[in-house]
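Student: Structure incoming, see below.
Set out below in structure tokens:
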């Protein structure tokens, strides 16, 4: 809970929080965004989500959502264990899986019907699936995002995505007095080498002039560099082990899909387990990987497309630059292109 994480929620995720009875604070404190601003080459245009899809996205920090889910789990009598080590998943390919772990000096064993592997990219769940069963797909981007969090009012009521000759920039927010800004930077940069003044100066060079003039700067309360990667492993199910979220897939943050793709996995797994326990049906369990991956690959496509559109690639040729400009011009001037972007940004249906 100490980290400031993603904050743009698709309507599908909001619906899941409603269904779980955990959305009271989300609806009270979340900010509805009806669109985004995109700038490039002196042009600025807006993609109107509500006009194209009828729905907004909601800005509500992942940290706050995690607090809400923890509170609901504890209120329901759930047993949450933190700081465990030496986690091992046993028997996932049989009828009686179990999870063992160490907490302090004690070793514990949990016997179960199924295991949901929601332990992130570096967790044990994916590695439990034999290497000859898994097929992995990856694209590593040749740059990162230098991000700064500051207790300042956002420069805009909506997110601004900026394509500039100096590289990408993003103006985002967590609430009315907490702003999040990013600039594209080389992967080998150290965030400690960037003073606050240097960051603000570079950000101003990349965003539209009116926003640069009214940008409120201040001390950073967090500064870090995040690499950009696309990654998918198939299948997402092995026996009675089901992968969810970063354990199975990673997206570059450009399209705000990381948390939201994890939520879509949870949707498919929740309904599969509910059908199994309510009716004895195995259908949802058998088709979980196929259903989840179908949506994941579409989110991967959107994140790859938007990242390719907005960033300055070191190997870019003159032809590549012209294609990027033509794509941005087309998006600015074409209603169908904006609708396709809006549909993907607010979230494809489950």
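In the numbering used here, the protein residues as written are 612 to 961. Think of the CB as a built atom: it goes at the ideal place given N, C-alpha and C, for glycine as much as any other residue. All figures in this text were calculated on a predicted structure; none of them were measured in a lab.
When you compare each of 678, 660 and 817 to residue 652 by their alpha carbons, which one comes out closest?
Tutor: Answer by Cα proximity: 817.
Student: What number of angstroms, rounded off, separates the C-alpha of residue 962 from the C-alpha of residue 810?
Tutor: Missing from the structure shown is residue 962; the chain here goes from 612 to 961 and no further.
Student: Thinking residue 752 and residue 814 are a contact (beta carbons under 8 Å), I'd like their distance in whole angstroms, please.
Tutor: Rounded, the Cβ-Cβ distance is 20 Å, inconsistent with contact.
Student: Where residue 780 and residue 642 are concerned, what is the direct C-alpha to C-alpha distance, given to the nearest angstrom?
Tutor: Those two C-alpha atoms are separated by around 21 Å.
Student: Using only alpha-carbon positions, find the residue among 695, 707 and 871 that is nearest to residue 717.
Tutor: Closest option to residue 717, Cα to Cα, is 695.
Student: Identify whether residue 710 lies in helix, strand or coil by the three-state DSSP scheme.
Tutor: Reduced to three states, the DSSP call for residue 710 is strand.
Student: Is it right to say residue 705 is buried, meaning 16 or more other beta carbons lie within 10 angstroms of its own, or is it exposed?
Tutor: Residue 705 is exposed by the Cβ-count criterion.
Student: Under the rule that 16 or more other beta-carbon atoms within 10 Å means buried, what is residue 797, buried or exposed?
Tutor: Exposed, since its Cβ has fewer than 16 Cβ neighbours within 10 Å.
Student: Within its chain, find whatever has a CB closer than 7 Å to the CB of residue 671; leave out the 5 residues flanking it on each side and keep chain order.
Tutor: Taken in chain order, the residues that qualify are 618, 620, 637, 640 and 641.
Student: In terms of alpha-carbon separation, which member of 956, 870 and 878 lies closest to residue 675?
Tutor: Answer by Cα proximity: 870.
Student: From residue 644 to residue 667, what distance separates their C-alpha atoms?
Tutor: Their Cα atoms are separated by approximately 5 Å.
Student: If we ignore side chains and look at the alpha-carbon of each, how far apart do residue 622 and residue 735 end up?
Tutor: Near 30 Å, if we compare the C-alpha coordinates of residue 735 and residue 622.
Student: Whose C-beta lies closer than 6 Å to the C-beta of residue 831 among residues of the same chain, with five residues either side of it excluded?
Tutor: Excluding positions up to five away in sequence, the list reads 759, 761 and 807.
Student: Quick one: residues in its chain with C-beta nearer than 8 Å to the C-beta of residue 872, no 5 flanking neighbours on either side, listed in chain order?
Tutor: If we look at residue 872 and ignore the five residues flanking it on each side, its Cβ neighbours are 856, 860, 862, 906, 907 and 910.
Student: On the three-state DSSP scale, how would you describe residue 877?
Tutor: The answer is helix: DSSP assigns residue 877 an H, G or I state.
Student: Please work out which residues of its chain come closer than 7 Å, Cβ to Cβ, to residue 904, disregarding the five sequence neighbours upstream and downstream, and give them in chain order.
Tutor: Closer than 7 Å at Cβ, skipping near neighbours: 845 and 847.
Student: Who pairs with residue 833 in a beta bridge, going by DSSP?
Tutor: Answer by DSSP bridge pairing, in chain order: 760.
Student: Restricting to Cα atoms, I'd like to know which of 800, 849 and 850 is closest to residue 837.
Tutor: Cα-wise, what sits closest to residue 837 is 800.
Student: Identify the continuous beta strand (DSSP E) that holds residue 924 and give its terminal residues.
Tutor: Neither: residue 924 is in no beta strand (DSSP E) and is coded neither H nor E.
Student: Touching or not, the segment 764-784 and the segment 912-922, by the rule of three or more beta carbon pairs under 8 Å?
Tutor: Touching, yes, given that three or more Cβ pairs across the two stretches are closer than 8 Å.
Student: Rounding to the nearest angstrom, what Cα-Cα distance links residue 894 and residue 876 in this structure?
Tutor: Near 16 Å, if we compare the C-alpha coordinates of residue 876 and residue 894.
Student: Looking at C-alpha atoms only, which residue of 802, 776 and 874 is the closest neighbour of residue 629?
Tutor: Ranking the options by Cα distance to residue 629, first place goes to 874.
Student: Hey, how far is the Cα of residue 898 from the Cα of residue 886?
Tutor: Those two C-alpha atoms are separated by around 12 Å.
Student: Report the residue from 757, 697 and 849 whose alpha carbon sits nearest the alpha carbon of residue 743.
Tutor: The candidate whose alpha carbon is nearest that of residue 743 is 849.
Student: Write down the C-beta distance between residue 914 and residue 866 rounded to the nearest angstrom, noting that I regard them as a contact closer than 8 Å.
Tutor: Contact holds; Cβ gap of about 4 Å.
Student: Report all residues from its chain with a CB closer than 8 Å to the CB of residue 685; omit the five preceding and five following residues, and keep chain order.
Tutor: Result list for residue 685: 691, in chain order.
Student: Can the beta-carbon of residue 949 be found closer than 8 Å to that of residue 658?
Tutor: Their beta carbons are under 8 Å apart, which means residue 949 touches residue 658 by this criterion.
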